[in-house]
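Protein chains in written order, with full-length UniProt numbering: chain F, 1 to 317; chain L, 1 to 317. In this text, a Cβ means the ideal position worked out from N, Cα and C, and glycines have one as well.
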């Protein structure tokens, strides 16, 4: 398998990306070729300096960089030699099998949707995040920001995509799907959640257990929590802050609060597209990059995108 | 001033209500007459047993109780001798000036809206919650559940109501108002937040500082955070759980996490109605009831509802 990394994306790039690759290469039996996409003049010396030498490592020259505040579509069109544009070109043409970047999130999403495209039958791809549960288990929340306004049919698809991810990547058999809502009973909620409930209830591809509430975020009521991207993004950013809150109160070393640290969960995969695309946090560190490579590897090993494609193909017929 | 308490509302009622009144009566120079609305045969002996004797204490007989799972409108109509129905009758007729209950939330909201009614010019009343900030300050979040689906004009009014509450009850001069959203820049968000932003920007009755995100919940970026009741309810219930999460990790005694304990913040006031109505948490304890009486007292002392009325009257003309 071939995994591509944007060497120029992230506040701490390219140094932390190189260090992350080093961590990955040292960690285990290597299964993947790593394609380092970035400015050769910067990346090559850095790799040498960090003594990361490996037959699995390949540098792909990309002289341009898409900045954080550039307009995604415009930047992708105008900067065809940028690390993100070249990454998606390589992904679409099969030169790499997965692409990781902690750069411009918008450009990553636009690239994912327009270069490798949504799977047939998928209305809109989605971005998920893992949720550290108090029990030690790992839940999944989606959408966390790609789709601010959603239709019930989209939430129903997120439930399927999230279930497959939970099953194959988080190793949870028959994951319980909950609809993030403001009350337990059917009929509670806003117009969207009221209309979504019956779709989830009738969906035989998932194990729907009903509504969950804000208080269930940390417990094991549901493994997969589904909501629109507006709600999900606010929950995600609140949860991400818990590590800092705990740290400021002197509990930064607590194992549970530590799991909310962005470093430890790596990046957010885009689900519902044909190939693994992982978007990193802007301040991704070496450990975060290492975790994202591990995640890409696991998504490829389990052929998660293929399983998603097959399920949506069946649903269409 | 006369404050009415539903003695029968809440999982721990009536004992904890009586104990809460006792805490209140012991705490300071008493300014309010307390009207204990509930079944005389139960309430009177309990008051005597707890040795709560005071010239400020009056028992009002209400032989019926509205249960947690009863339909609000139906129950209020059919159980006119319930503590909640009698409470609102007394409030509407001026026999009491404020009403507190930890009973059926729906019945409290229906009662607030149909017996004492929304202030002229207020589209929909709202329910807020206080937000413990890491700095030690106290923020306000609204709506937290009364209005699952909102129009931009409603959010704009919540901003005004929340600002007045923050100013007069939380003693924050010129409170900073933020729109809870998924990005910092104007133009970010879902259809609702995109349409709300310009209204808040043009609203001269508030100090609008722009969008806030989930990560700003705990910091001082905004004193008043405005959102629809679906989003707000999920945030509220997540935040309420933080005390339990911290406790389960062994940090239950931490002063900051303790502020998320429902006991310490008491109840949620309904804003935008003509008189103070405070809804308690289902598991309200003595301390929670005491804090709710204090809050009602402060809302009356500052004539908060009068100030809200005046501002909306000005806005109409």
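Notebook entry, point to check: Where does the unbroken alpha helix (DSSP H) through residue 20 of chain F begin, and where does it stop?
Noted result: On the first chain, residue 20 of chain F is found 20 positions in, with the first residue counted as 1. Residue 20 of chain F -> alpha helix (DSSP H) spans 15-27.
Next item on the list: Taking the CB atoms as reference points, tell me whether residue 235 of chain L and residue 238 of chain F lie closer together than 8 Å.
Entry: Numbered from 1 along the second chain, position 235 holds the residue referred to as residue 235 of chain L. Numbered from 1 along the first chain, position 238 holds the residue referred to as residue 238 of chain F. Result yes, Cβ atoms of residue 235 of chain L and residue 238 of chain F sit closer than 8 Å.
Notebook entry, point to check: Exposed or buried, which one is residue 161 of chain F when buried takes at least 16 other CB atoms within 10 Å?
Noted result: On the first chain, position 161 is the one that residue 161 of chain F refers to. Looking at its Cβ environment, which holds 16 or more other Cβ atoms inside 10 Å, residue 161 of chain F is buried.
Check: Would a C-beta distance cut-off of 8 Å place residue 110 of chain L and residue 128 of chain L closer than the cut-off?
Finding: On the second chain, position 110 is the one that residue 110 of chain L refers to. On the second chain, position 128 is the one that residue 128 of chain L refers to. It is not a contact, given that the beta carbons lie outside the stated cut-off.
Check: Taking Cβ positions only, does residue 245 of chain F come closer than 8 Å to chain L?
Finding: Locating residue 245 of chain F in the first chain gives position 245, where the first residue counts as 1. At least one chain L Cβ lies under 8 Å of residue 245 of chain F.
Note to self: Counting only C-beta atoms, is residue 299 of chain L closer than 8 Å to chain F at any point?
What the structure shows: The count along the second chain starts at 1 and reaches residue 299 of chain L at position 299. No - not a single Cβ of chain F is within 8 Å of the one on residue 299 of chain L.
Notebook entry, point to check: How do the segment 290-300 of chain F and the segment 22-40 of chain F stand: do at least 3 beta-carbon pairs fall below 8 Å, yes or no?
Noted result: As far as the Cβ criterion goes, the segment 290-300 of chain F touches the segment 22-40 of chain F, which means the pair count is three or higher.
Margin query: Could you compute how far the alpha carbon of residue 120 of chain F sits from the alpha carbon of residue 310 of chain F?
Written below: Here residue 120 of chain F refers to the residue found at position 120 when the first chain is read from its first residue. Here residue 310 of chain F refers to the residue found at position 310 when the first chain is read from its first residue. Their Cα atoms are separated by approximately 10 Å.
Check: For residue 276 of chain L, which residues from the same chain have a beta carbon less than 6 Å from its beta carbon, with the 5 sequence-adjacent residues on both sides left out?
Finding: As a working note, residue 276 of chain L is residue 276 in the second chain. Around residue 276 of chain L: 98, 296, 299.
Checklist line | Exposure label - residue 20 of chain F; buried when at least 16 CB within 10 Å | finding: Taking the first residue of the first chain as 1, we reach residue 20 of chain F at position 20. Buried, since its Cβ has 16 or more Cβ neighbours within 10 Å.
Next item on the list: Please list the residues of the segment 148-172 of chain L that have a C-beta atom closer than 8 Å to any C-beta atom in chain F, keeping them in chain order.
Entry: Answer in chain order: 148, 149.
Next item on the list: Run down chain F in chain order and give the residues with a C-beta less than 8 Å from the C-beta of residue 208 of chain L.
Entry: Here residue 208 of chain L refers to the residue found at position 208 when the second chain is read from its first residue. Within chain F, no residue comes near residue 208 of chain L; the closest Cβ sits about 19 Å away, beyond 8 Å.
Next item on the list: Say whether chain L places a C-beta atom closer than 8 Å to the C-beta of residue 248 of chain F.
Entry: Reading the first chain from its first residue, position 248 is the one you call residue 248 of chain F. Output row for residue 248 of chain F: interface = yes.
Note to self: Which residues of the segment 226-240 of chain L have a Cβ closer than 7 Å to any Cβ of chain F? Give them in chain order.
What the structure shows: 230, 231, 233, 234, 235, 236, 237, 238, 240
Next item on the list: Give the secondary structure of residue 99 of chain L by DSSP, where H, G and I count as helix, E and B as strand, and everything else as coil.
Entry: Position 99 of the second chain, counted from the first residue, corresponds to residue 99 of chain L. Three-state result, residue 99 of chain L: strand.
Margin query: When you compare the CB positions of residue 51 of chain L and residue 286 of chain L, do they come within less than 8 Å of one another, or not?
Written below: By 1-based counting over the second chain, the position of residue 51 of chain L is 51. By 1-based counting over the second chain, the position of residue 286 of chain L is 286. No, these two residues do not count as a Cβ contact at 8 Å.
Margin query: By the 9 Å beta-carbon criterion, what residues does the segment 191-222 of chain L contribute toward chain F?
Written below: 191, 192, 193, 194, 213, 214, 215, 216, 217, 218, 219
Item checked: Closest by C-alpha distance to residue 86 of chain L, when choosing among L:39, L:177, L:131, L:189 -> The residue you call residue 86 of chain L lines up with position 86 of the second chain. When only C-alpha atoms are compared, the closest one is L:39.
Note to self: Is the separation between the beta-carbon of residue 242 of chain F and that of residue 125 of chain F shorter than 8 Å?
What the structure shows: What you label residue 242 of chain F is simply residue 242 of the first chain in a count that begins at 1. What you label residue 125 of chain F is simply residue 125 of the first chain in a count that begins at 1. Going by C-beta atoms, residue 242 of chain F is not nearer than 8 Å to residue 125 of chain F.
Check: Any idea what DSSP makes of residue 225 of chain L, helix, strand or coil?
Finding: If you number the second chain from 1, residue 225 of chain L lands on position 225. Strand, per DSSP.
Check: Where do the N-terminal and C-terminal ends of the alpha helix (DSSP H) with residue 77 of chain F fall, by residue?
Finding: In the first chain, the residue the question calls residue 77 of chain F occupies position 77. Counting along the chain, the alpha helix (DSSP H) containing residue 77 of chain F begins and ends at 72-78.
Notebook entry, point to check: At a cut of 8 Å, does the segment 171-186 of chain L reach the segment 211-223 of chain L through at least three beta carbon pairs?
Noted result: yes
Item checked: Residues of its chain near residue 115 of chain L, where Cβ-Cβ distance is below 6 Å and the 5 sequence neighbours each way are ignored -> Here residue 115 of chain L refers to the residue found at position 115 when the second chain is read from its first residue. Once the five neighbours on either side are set aside, the close Cβ partners of residue 115 of chain L are 88, 92.
Margin query: Taking the alpha carbon of residue 81 of chain F as the reference point, which residue from F:172, F:62, F:305, F:212 has its own alpha carbon closest?
Written below: Taking the first chain and counting its residues from 1, one reaches residue 81 of chain F at position 81. Closest option to residue 81 of chain F, Cα to Cα, is F:62.
Check: Would residue 1 of chain F pass as a contact of residue 164 of chain F if the rule is Cβ separation under 8 Å?
Finding: As a position in the first chain, residue 1 of chain F is number 1, starting the count at 1. As a position in the first chain, residue 164 of chain F is number 164, starting the count at 1. No, the Cβ-Cβ distance between residue 1 of chain F and residue 164 of chain F is not below 8 Å.
Note to self: Below 8 Å, how does it come out for the segment 203-216 of chain L and the segment 226-235 of chain F: are there three or more Cβ pairs, yes or no?
What the structure shows: Three or more beta-carbon pairs drawn from the segment 203-216 of chain L and the segment 226-235 of chain F are found closer than 8 Å, and the two stretches are therefore classed as touching.
Check: Looking only at DSSP bridge pairs, what is residue 207 of chain F linked to?
Finding: By 1-based counting over the first chain, the position of residue 207 of chain F is 207. DSSP lists F:176 as partners of residue 207 of chain F.
Margin query: Give me the chain F residues within the contact set of residue 318 of chain L, using Cβ-Cβ distance strictly less than 7 Å, ordered along the chain.
Written below: Any question about residue 318 of chain L goes unanswered here, given that chain L covers just 1 to 317.
Notebook entry, point to check: Taking buried to mean at least 16 other C-beta atoms within 10 Å of its own C-beta, is residue 69 of chain L buried or exposed?
Noted result: Within the second chain, numbered from 1, the residue matching residue 69 of chain L stands at position 69. Per the 10 Å Cβ criterion, exposed.
Next item on the list: Measuring only between beta-carbons, confirm whether residue 273 of chain F sits less than 8 Å from chain L.
Entry: By one-based count along the first chain, residue 273 of chain F stands at place 273. Taking Cβ atoms only, chain L never reaches closer than 8 Å to residue 273 of chain F, which makes this a no.
Notebook entry, point to check: Does the segment 141-158 of chain F come close enough to the segment 182-201 of chain L to have 3 or more Cβ pairs within less than 8 Å?
Noted result: yes
Next item on the list: Hey, could you find the ends of the alpha helix (DSSP H) residue 252 of chain F is sitting in?
Entry: Within the first chain, numbered from 1, the residue matching residue 252 of chain F stands at position 252. Going by DSSP, residue 252 of chain F is part of no alpha helix (DSSP H) at all; its letter is neither H nor E.
Note to self: DSSP has residue 6 of chain L in a bridge; who is on the other side?
What the structure shows: Your numbering for residue 6 of chain L matches position 6 in the second chain. Residue 6 of chain L pairs with L:37.
Item checked: CB contact below 8 Å: residue 177 of chain F versus chain L -> In the first chain, residue 177 of chain F corresponds to position 177, counting from 1. So no, residue 177 of chain F is outside the interface.
Notebook entry, point to check: How close, in whole Å, do the beta carbons of residue 37 of chain F and residue 12 of chain F come, if the pair is a contact with beta carbons under 8 Å?
Noted result: Walking along the first chain from the start, residue 37 of chain F turns up at place 37. Walking along the first chain from the start, residue 12 of chain F turns up at place 12. Their Cβ separation, rounded to whole angstroms, is 17 Å, which puts residue 37 of chain F and residue 12 of chain F out of contact at 8 Å.
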